[in-house]
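In my numbering, the protein residues as written are 101 to 344.
Inspection log for the structure reproduced underneath, given as structure tokens.
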């Protein structure tokens with residue numbers, strides 16, 4: 101019985117000493133591998149969530165900016181002012197053009213399609229002052245962004261006489277412009293990509309509606325497109341007979 105007791109005691113001491121020796125190398129390597137797999141999975145999940153969050157934020161910002169821009173153009177065109185058929189006379193060679201004309205052309209020397217739009221409106225927006233209901237010449241045009249890309253700017257000239265001159269202080273309505281296009285509808289529903297109400301080719305008439313298509317391109321190369329059409333409340337119809 102004494103011998104059996106000693107053997108049992110030795111066996112217990114051996115087992116106890118084995119546990120005191122710690123983990124084996126294989127156990128440590130397995131633990132490290134499991135931890136590495138879990139860390140990689142968590143990091144990948146975090147990056148995926150973060151990238152989706154950035155994409156959603158970027159898309160939301162671009163959508164809000166574009167909608168505000170479209171709203172501003174729509175409001176300006178809704179209050180368009182044109183010289184009536186009774187007051188309008190085609191310009192002679194020595195005369196200046198109609199200060200209240202509607203004029204648009206595609207800018208040359210651009211890789212993308214950028215239209216410039218000039219017209220008169222009753223929506224004068226004074227910087228740091230209360231806006232007034234007075235005739236103003238409004239010009240929408242695209243300018244280079246110092247940080248890269250293109251900007252859409254709005255010029256507001258309240259004297260109603262000055263022709264379009266590009267000015268650096270003009271406020272920026274929209275960034276990341278990929279293209280902006282205006283489509284003009286006459287009173288018969290025919291369309292044109294440009295317009296000049298002071299031109300014989302257009303019968304000295306103004307469009308009855310203007311289509312707006314705005315495209316923004318994000319740094320992720322995603323293109324956002326926005327379109328609307330504005331029916332003009334003040335128009336001058338094309339005349340078959342001469343004004344003179």
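The C-beta atom is built at its ideal place from N, Cα and C for all residues, glycine as well.
Excluding sequence positions up to five away, which residues of its chain have a Cβ less than 7 Å from the Cβ of residue i?
i, result
"residue 212", "278 and 279"
"residue 176", "221, 223 and 238"
"residue 292", "284"
Whole angstroms are fine: how far does the CA of residue j sit from the CA of residue i?
i, j, result
"residue 314", "residue 333", "22 Å"
"residue 221", "residue 191", "21 Å"
"residue 301", "residue 294", "11 Å"
"residue 202", "residue 298", "8 Å"
"residue 166", "residue 322", "14 Å"
"residue 296", "residue 246", "31 Å"
"residue 134", "residue 161", "41 Å"
"residue 126", "residue 248", "55 Å"
"residue 184", "residue 244", "36 Å"
"residue 141", "residue 131", "16 Å"
"residue 124", "residue 136", "19 Å"
"residue 178", "residue 138", "59 Å"
"residue 312", "residue 338", "22 Å"
Among the options, whose alpha-carbon lies nearest the alpha-carbon of residue i?
i, options, result
"residue 310", "218, 159 and 141", "218"
"residue 327", "171, 136 and 139", "171"
"residue 316", "288, 299 and 275", "275"
"residue 287", "308, 303, 271 and 298", "308"
"residue 159", "325, 249, 236 and 329", "325"
"residue 318", "271, 157, 126 and 127", "157"
DSSP state of residue i, grouped into three classes?
i, result
"residue 326", "strand"
"residue 338", "coil"
"residue 311", "strand"
"residue 213", "coil"
"residue 223", "coil"
"residue 273", "strand"
"residue 256", "strand"
"residue 237", "strand"
"residue 293", "coil"
"residue 167", "helix"
"residue 316", "strand"
"residue 331", "strand"
For residue i, I'd like the list of residues in its chain whose CB is within less than 6 Å of its CB, leaving aside the five on either flank, ordered along the chain.
i, result
"residue 182", "200, 306, 334 and 336"
"residue 169", "273 and 274"
"residue 180", "219, 221, 332 and 334"
"residue 270", "253 and 255"
"residue 204", "215, 217, 282, 294 and 295"
Should residue i and residue j be called a contact, given that it needs their Cβ atoms to be closer than 8 Å?
i, j, result
"residue 251", "residue 240", "no"
"residue 285", "residue 215", "no"
"residue 163", "residue 330", "no"
"residue 186", "residue 304", "no"
Leaving out the 5 sequence neighbours to the left and right, which residues in its chain are closer than 8 Å to residue i when beta-carbon positions are compared?
i, result
"residue 235", "181, 200, 220, 221, 222, 224, 258 and 260"
"residue 242", "207, 210, 214, 216, 250, 251, 252, 253, 277 and 280"
"residue 290", "none"
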